[in-house]
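Colleague: Here the protein sequences come in this chain order: D and Y.
Each residue of the first sequence is one higher than the last, beginning at 0 in numbering that gives the first Met the number 0.
Each residue of the second sequence is one higher than the last, beginning at 0 in numbering that gives the first Met the number 0.
Heads up, the beta-carbon is just placed ideally off N, CA and C, and yes, glycines get one too.
It should be emphasised that the depicted structure is a prediction, and the values quoted were computed from it without experimental measurement.
Below you'll find the structure I mean.
2 protein chains.
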Amino acid sequence: MGDDAVMSSTAERIRPGRSGILAAATRLFAAQGVSGTSLQQIADASGITKAAVYHHFPTKEEVVAAVLAPALEAIQGIVRTAGAHQDPRAATEAAIIGLADQAVTHRQRWAVLLQDAAVEEYVRNHPDHDDLFTRLRLLLTGPDPSPGTRLQVSLFLSGLLGPAQDPSCADIDDDALRAGIVQAGRRLLLLDDDADDDA
Amino acid sequence: MGDDAVMSSTAERIRPGRSGILAAATRLFAAQGVSGTSLQQIADASGITKAAVYHHFPTKEEVVAAVLAPALEAIQGIVRTAGAHQDPRAATEAAIIGLADQAVTHRQRWAVLLQDAAVEEYVRNHPDHDDLFTRLRLLLTGPDPSPGTRLQVSLFLSGLLGPAQDPSCADIDDDALRAGIVQAGRRLLLLDDDADDDA
DNA sequence: GTCTATATGGCGATAGAC
DNA sequence: GTCTATCGCCATATAGAC
């Protein structure tokens, strides 16, 4: 096979080609942020040169877009599937479960999408993507949401990636992460607005 | 008083000196991330030159540290005050209330502290700061926490800044933000681990 | 499809005048 | 305490050989 068999001894296998670039970029973007990651770092982590990266992507922004694309498609799927429920509460629950699964399974990609300052602006400047988030929020709040409900949705979406990324939760396996995130989503978004219990 | 009365017509008053630098840096760091903000941008927003910024701070990292310092002191205060409660649940509640107030009142500073990839590494590399967060987490979980409880704390801390920063919550006033965040904290951290209600 | 080499500009940081 | 001017480096991006 390939004649580029460098057999790197680093922790992560260096993969050639477009998918290797995207894998390296996703990992670096999640760890350092988009602005904190240079194309040189991406090239080094991919085992190729900077110029080779530019053969696959015309600009750094296109690398970012390619990293985010699968997550944006997943949100489209969640909005479509959850939106098919008649009961608004069932729709909210379906969206919570879909988001929790994506956040755990593709945590690095989703950390870039939801926790990077540069990506926030990128999304805000692309009406298609911004509208997608608006529809997602509406599914999570239910129709005609109160300010308090919008606030809980905002906190849930902002906190969604925390458990999967936090070193203090590194010992928790993926299924338990999904279940815990879903539980948090139910508590924040599906509890009646009155009684706040104990103490 | 001052002889530097430039009377800028920009949206935000340009303030001279150290406090103006920190105000501009905090705002820019929160909006663009630390890595996405240059000293030239901070200088321009402060109405001085880059060299003048370097008169007040020896390095960019020191600007970051000065921006974060009040928030880290606030966490110390929260840990001290909340830790004085004998009842672990009262301690958790006090920490939630203190965090919600800080997150709303100083939302830009806290967004830098809690949501910036570069700052995460900065905190991880300073054992004093890292220990502080460990103590804060322990107050929020209570003693001998289960994995599920640690997960809820992680999601709450990660989501804390969401409502105060999210444009979709821009219409909510500060007191309502504080109350909503406290409500979310109670639901995530003070609910018994069993019954998850309705539907 | 990957390389070497390079263009151009902005970065963090410094020197020294006022 | 702020300025102008500059250093050395690395950023994104391009040209052209193989």
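1) Residues of chain Y with CB closer than 7 angstroms to the CB of residue 156 of chain D, please, in chain order.
2) Identify the continuous alpha helix (DSSP H) that holds residue 126 of chain Y and give its terminal residues.
3) Below 7 angstroms CB to CB, which residues in the same chain sit around residue 21 of chain Y once its five sequence neighbours on both sides are set aside?
4) Since residue 27 of chain D contacts residue 71 of chain D with CB under 8 angstroms, what's their CB separation in whole angstroms?
5) Alpha carbon to alpha carbon, what distance is there between residue 18 of chain Y and residue 190 of chain D?
6) Where residue 96 of chain D and residue 137 of chain D are concerned, what is the direct C-alpha to C-alpha distance, given to the nearest angstrom?
7) In whole angstroms, what separates the C-alpha of residue 164 of chain Y from that of residue 109 of chain Y?
8) Using DSSP with H/G/I as helix, E/B as strand and the rest coil, what is residue 156 of chain Y?
9) Just the C-alpha distance for residue 39 of chain D and residue 129 of chain D, rounded to the nearest angstrom, thanks.
10) For residue 198 of chain D, name the three-state secondary structure that DSSP assigns.
11) Out of curiosity, what's the CA-to-CA distance linking residue 102 of chain Y and residue 177 of chain D?
12) Which value, in whole angstroms, describes the spacing of the CA atoms of residue 186 of chain Y and residue 107 of chain D?
13) Beta-carbon of residue 99 of chain D versus every beta-carbon of chain Y: anything under 8 angstroms?
14) Using 8 angstroms as the limit for Cβ to Cβ distance, is residue 199 of chain Y near chain D?
15) With 7 angstroms as the C-beta to C-beta threshold (strictly closer), list the residues of the stretch 123 to 156 of chain Y near chain D in chain order.
16) Out of D/134, D/162 and D/183, which one is the CA nearest neighbour of residue 167 of chain Y?
17) Can you tell me whether residue 115 of chain D is buried or exposed? The criterion is at least 16 other CB atoms within 10 Å of its CB, across all chains shown.
18) Within 10 Å of its beta-carbon, does residue 85 of chain Y have 16 or more other beta-carbons around it, so buried, or fewer, so exposed?
19) Here's the rule I'm using: 16 or more other beta-carbon atoms within 10 Å means buried, otherwise exposed. How should residue 14 of chain Y be labelled?
20) Smallest Cα separation from residue 171 of chain D: which of Y/55, Y/158 and Y/153?
21) For residue 146 of chain Y, which three-state DSSP category applies?
22) To the nearest whole angstrom, what separates the beta carbons of residue 111 of chain D and residue 52 of chain D, a pair I think is in contact under 8 angstroms?
23) Under three-state DSSP, which class holds residue 55 of chain D?
24) Indicate the three-state DSSP secondary structure (helix, strand or coil) for residue 64 of chain D in the structure shown.
25) Are the Cβ atoms of residue 157 of chain D and residue 150 of chain Y separated by less than 8 angstroms?
Modeller: According to the structure shown:
1) Along the first sequence, one-based indexing puts residue 156 of chain D at 157. Under the 7 angstroms cutoff, chain Y gives 161.
2) Taking the second sequence and counting its residues from 1, one reaches residue 126 of chain Y at position 127. Its alpha helix (DSSP H) spans residues 126 to 140.
3) In the second sequence, counting from the first residue as 1, residue 21 of chain Y sits at position 22. The answer, listed in chain order, is 65 and 66.
4) Numbered from 1 along the first sequence, position 28 holds the residue referred to as residue 27 of chain D. Numbered from 1 along the first sequence, position 72 holds the residue referred to as residue 71 of chain D. 20 angstroms between Cβ atoms; not a contact.
5) As a working note, residue 190 of chain D is residue 191 in the first sequence. As a working note, residue 18 of chain Y is residue 19 in the second sequence. Going from the Cα of residue 190 of chain D to the Cα of residue 18 of chain Y covers about 44 angstroms.
6) Within the first sequence, numbered from 1, the residue matching residue 96 of chain D stands at position 97. Within the first sequence, numbered from 1, the residue matching residue 137 of chain D stands at position 138. Those two C-alpha atoms are separated by around 16 angstroms.
7) Counted from its first residue, the second sequence places residue 164 of chain Y at position 165. Counted from its first residue, the second sequence places residue 109 of chain Y at position 110. In a straight line, the C-alpha of residue 164 of chain Y is about 10 angstroms away from that of residue 109 of chain Y.
8) Against the second sequence, residue 156 of chain Y aligns to sequence position 157. In the structure shown, residue 156 of chain Y sits in a helix (DSSP, three-state: H, G or I).
9) Position 40 of the first sequence holds residue 39 of chain D. Position 130 of the first sequence holds residue 129 of chain D. Whole-angstrom Cα-Cα distance: 30 angstroms.
10) Locating residue 198 of chain D in the first sequence gives position 199, where the first residue counts as 1. Only weak support exists for where residue 198 of chain D lies, its pLDDT of 45 falling under 50; the coordinates are left without a value.
11) Looking up residue 102 of chain Y in the second sequence gives position 103. Looking up residue 177 of chain D in the first sequence gives position 178. Straight-line Cα distance between these residues: approximately 27 angstroms.
12) As a position in the second sequence, residue 186 of chain Y is number 187, starting the count at 1. As a position in the first sequence, residue 107 of chain D is number 108, starting the count at 1. Approximately 27 angstroms between the Cα atoms of the pair.
13) Sequence index remark: in the first sequence, residue 99 of chain D carries index 100 (1-based). Not one chain Y Cβ lies under 8 angstroms of residue 99 of chain D.
14) Residue numbering for chain Y in the displayed model covers 0 to 198; residue 199 of chain Y lies beyond these limits and cannot be assessed.
15) 136, 146, 147, 149, 150, 151, 153, 154, 155 and 156
16) Sequence index remark: in the second sequence, residue 167 of chain Y carries index 168 (1-based). Among D/134, D/162 and D/183, the Cα nearest to that of residue 167 of chain Y is on D/134.
17) Translated into positions along the first sequence, residue 115 of chain D becomes position 116. Result: buried.
18) Taking the second sequence and counting its residues from 1, one reaches residue 85 of chain Y at position 86. The residue in question, residue 85 of chain Y, is exposed, as its Cβ has fewer than 16 Cβ neighbours within 10 Å.
19) Reading the second sequence from its first residue, position 15 is the one you call residue 14 of chain Y. Answer is buried; the Cβ neighbour count reaches 16.
20) Residue numbering aside, residue 171 of chain D sits at position 172 when the first sequence is read from its first letter. Minimum Cα distance to residue 171 of chain D is reached at Y/153.
21) Residue mapping note: residue 146 of chain Y aligns to position 147 of the second sequence, counting from 1. Here residue 146 of chain Y sits in helix by DSSP.
22) Translated into the one-based positions of the first sequence, residue 111 of chain D becomes position 112. Translated into the one-based positions of the first sequence, residue 52 of chain D becomes position 53. That pair is no contact at about 17 angstroms.
23) Position 56 of the first sequence, counted from the first residue, corresponds to residue 55 of chain D. Three-state result, residue 55 of chain D: helix.
24) Reading the first sequence from its first residue, position 65 is the one you call residue 64 of chain D. Residue state, collapsed to three classes: helix.
25) Numbered from 1 along the first sequence, position 158 holds the residue referred to as residue 157 of chain D. Numbered from 1 along the second sequence, position 151 holds the residue referred to as residue 150 of chain Y. No, the Cβ-Cβ distance between residue 157 of chain D and residue 150 of chain Y is not below 8 angstroms.
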